[in-house]
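Quick note, the sequences are listed as chains X and R, same order.
Just so we're aligned, residue 65 is where the first sequence starts under this note's numbering, counting upward by one.
Just so we're aligned, residue 329 is where the second sequence starts under this note's numbering, counting upward by one.
The structure appears right after this line, and notes come after that.
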Amino acid sequence: MEVAIIGIGLHRFGRSPDMSGLQQGAAAVRAALADAGLSWKDMQFAYGGSQDAGNADSLVNELGLTSLQFTNIWNGCATGGSSLHAAYSAIKSGQYDLGVVVGFDKHPRGAFNPQPADWGLDDWYGETGLMLTTQFFAMKIQRYMHDHGISEDALVRVSEKAFANGSLTPTAWRQQPLSYADIANSAMVSDPLRKYMFCSPAEGGAALILCNADKARQFTRKPLLLKAAAVRTRHYGSFEVFAPSQAMHVADAPTVTASRMAFELAGIGPEDVDVMQLQDTDSGTEIIHMAENGFCEHGEQEQLLRDGATQIGGRMPVNTDGGCLANGEPVGASGLRQVYEVCVQLRGEGGARQVPNDPAVGYTHVYGAPGVSGVNIITR
Amino acid sequence: MSEQIPIHKGLFTWPSSRPQLLGSRCKQCGETAFPAQVDCRSCSGRDTEVVELGDRGTLWTWTIQTFMPKQPYHSDETEASFRPYGVGYVEMPGGVRVEARLEPSTREQLAIGMPMQLNIVPFRTDASGNQIMTFSFSAVEEDQAWK
Ligand SMILES: [Zn+2]
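What follows is the structure, given as structure tokens:
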């Protein structure tokens, strides 16, 4: 049996000063229900989560107390991916036919400030200023550039593409394209990453309606198939965020494992993917994730970026809606925004940012603290 | 009288004329961890021992923290007195890469592969006037490099 996506909804990313995070989640659910032509009382189950905006199951106070199974999911940056994975499994098992996944968030301004005890670490690690995700991503790309001959030019090109794509996306937070010089001359935040190479914590909501594929045609003429949903954690030796030490032998990142598992589930390979969303917490991670997800060899990114291969008209379009760089990162919603965008592209509804030649296979990837990755593959 | 107190027990030998970082090594698989822990992340064994990791290493990767971190960062600095600091992973002869503050704090002073030296340094002052000590690494000075 297969799992179909029959409705997609988004509450725009950025800042919604007059709405709570929960209200943004509810708005996304209503949009997804409307897209599917269904109502909240049709939902048999829900999975959802947020980091800073409250318990997802409180959404029933807005959407209706229908007694459905509602499970809160919190799994760091893979929260959306994990909700989707849970829904995928619930339908695959035959227990349910129809349900919703939702992610939303509303973070305070400025960098995240995680607390050591929440991550199994002692206070000294945070007190002495070692517990910043920005530092980790900078150190990972610093080493990667050294090992694989990637230059700062590549970092600038990723951001340039992100903001160009954001300017074509009505729901994106950052709507202004930035020039190469704007990015290359922006303030250094955490060497080698500059201001316009990092995404910011933000607000927003995203929701998807999932259905047993055998029944999907009752609701829509163009269901999409969720061919794979995989979530994996780090290996011993993965170079990870919030790690006071690292093993001498560097093992594969959890992204590599999740990606392989997803391709195996879907029965296709990286060469079959027409449009992809790769976690771009910063421009360096997008570069690393191109290779970790199997779309190129380590080091090839430099030339691919120079050739425009990852642009909307290129041969491997990455983050067509501007990704995290242009949309910001409401942690709970971010992974589901990726799936939303891939669905828009596969339906051919991308407007100014539509990938040409009728893309048929989409791919989404999240990665984040403390070393967790989620991958989804969606087809027409 | 004020004292110099380590920020956390068991991170490094202190006081000592030549302090060493402390970690743990698994008696089953030989893998090393910092800080020391009783469980092994590599083989799931529970038979580890505390070992000295050394006081010299080489820089494996680095960055520079340019803005003052929010809480839980806890130093004596204010936004006005904050000075950027380096952060890196230093490959230790004890067989593990340790994340640490670095004293060099400009990109000109930092390079992957450079030899580094452990220092135990005052980080902040507590309410009783004691100096809270932490570890950091600096570049090995030329005349010490061969020792
Ligand atoms: Zn072991």
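Beta carbons: idealized from backbone N, C-alpha and C, even for Gly.
Since the structure is predicted, the reported quantities are computational estimates derived from the model, not experimental observations.
Counted within 10 angstroms of its Cβ, other Cβ atoms place residue i as buried (16 or more) or exposed
i              : result
S456 (chain R) : exposed
R346 (chain R) : exposed
H313 (chain X) : exposed
V378 (chain R) : exposed
T284 (chain X) : buried
P172 (chain X) : exposed
V366 (chain R) : exposed
M107 (chain X) : buried
N391 (chain X) : buried
W474 (chain R) : Below a pLDDT of 50, predicted positions are generally treated as unreliable, and W474 (chain R), at 49, falls in that range; the measurement from the model is reported next regardless. W474 (chain R) should be labelled exposed.
Y431 (chain X) : buried
L497 (chain X) : Residue coverage of chain X in this structure runs from 65 to 444, which leaves residue 497 (chain X) outside it and unanswerable.
Q399 (chain R) : exposed
Y244 (chain X) : exposed
M65 (chain X)  : exposed
K447 (chain X) : One cannot answer for residue 447 (chain X) here, as it falls past the ends of chain X, which runs 65 to 444.
Cβ-Cβ distance between residue i and residue j below 9 Å
i              : j              : result
V395 (chain X) : D116 (chain X) : yes
E380 (chain R) : L339 (chain R) : no
A218 (chain X) : S347 (chain X) : yes
T143 (chain X) : A110 (chain X) : no
N421 (chain X) : A326 (chain X) : no
Q206 (chain X) : F227 (chain X) : no
G213 (chain X) : G73 (chain X)  : no
G71 (chain X)  : A100 (chain X) : yes
V425 (chain X) : A270 (chain X) : no
D371 (chain X) : G377 (chain X) : no
T391 (chain R) : P318 (chain X) : no
G163 (chain X) : I273 (chain X) : yes
S309 (chain X) : V424 (chain R) : yes
E267 (chain X) : G78 (chain X)  : yes
Three-state secondary structure assigned by DSSP to residue i
i              : result
Q341 (chain X) : strand
Q87 (chain X)  : helix
D169 (chain X) : strand
K349 (chain R) : Per the sequence shown, residue 349 (chain R) should be read as Leu rather than Lys. L349 (chain R) falls in the strand class under three-state DSSP.
R401 (chain X) : helix
F200 (chain X) : helix
T321 (chain X) : helix
H313 (chain X) : coil
S330 (chain R) : coil
C407 (chain X) : helix
T443 (chain X) : strand
E405 (chain R) : coil
F327 (chain X) : helix
N391 (chain X) : helix
V419 (chain X) : coil
P180 (chain X) : helix
A271 (chain X) : strand
T143 (chain X) : helix
H299 (chain X) : coil
N276 (chain X) : strand
S153 (chain X) : helix
V366 (chain R) : coil
N229 (chain X) : helix
beta-carbon residue i near ligand 1 non-hydrogen atom, thresh 8 Å
i              : result
Q356 (chain R) : yes
G382 (chain R) : no
E359 (chain R) : yes
C141 (chain X) : no
S370 (chain R) : yes
G373 (chain R) : yes
Nearest-angstrom Cβ-Cβ length linking residue i and residue j, presumed shorter than 8 Å
i              : j              : result
F200 (chain X) : A397 (chain X) : Contact doesn't hold; Cβ gap of about 22 Å is too wide.
M203 (chain X) : G422 (chain R) : Not confirmed; about 20 Å, so no contact.
S147 (chain X) : G112 (chain X) : 6 Å
T440 (chain R) : I333 (chain R) : In the sequence on display, residue 440 (chain R) carries Ile and not Thr. Not a contact, Cβ separation roughly 34 Å.
Y300 (chain X) : R384 (chain R) : At roughly 25 Å, the Cβ-Cβ gap does not stay under 8 Å, so Y300 (chain X) and R384 (chain R) are not in contact.
G387 (chain X) : Q341 (chain X) : 7 Å
A433 (chain X) : T197 (chain X) : 6 Å
D161 (chain X) : K279 (chain X) : 6 Å
I442 (chain X) : L329 (chain X) : With a Cβ gap of about 12 Å, I442 (chain X) and L329 (chain X) do not count as contacting.
V67 (chain X)  : L290 (chain X) : 4 Å
G435 (chain X) : E335 (chain X) : 28 Å between Cβ atoms; not a contact.
F465 (chain R) : L446 (chain R) : 6 Å
K170 (chain X) : G85 (chain X)  : 3 Å
C263 (chain X) : L400 (chain X) : Incorrect: roughly 16 Å between the Cβ atoms, too far for contact.
I137 (chain X) : A150 (chain X) : 6 Å
V295 (chain X) : G184 (chain X) : Not really, about 19 Å apart at Cβ, beyond 8 Å.
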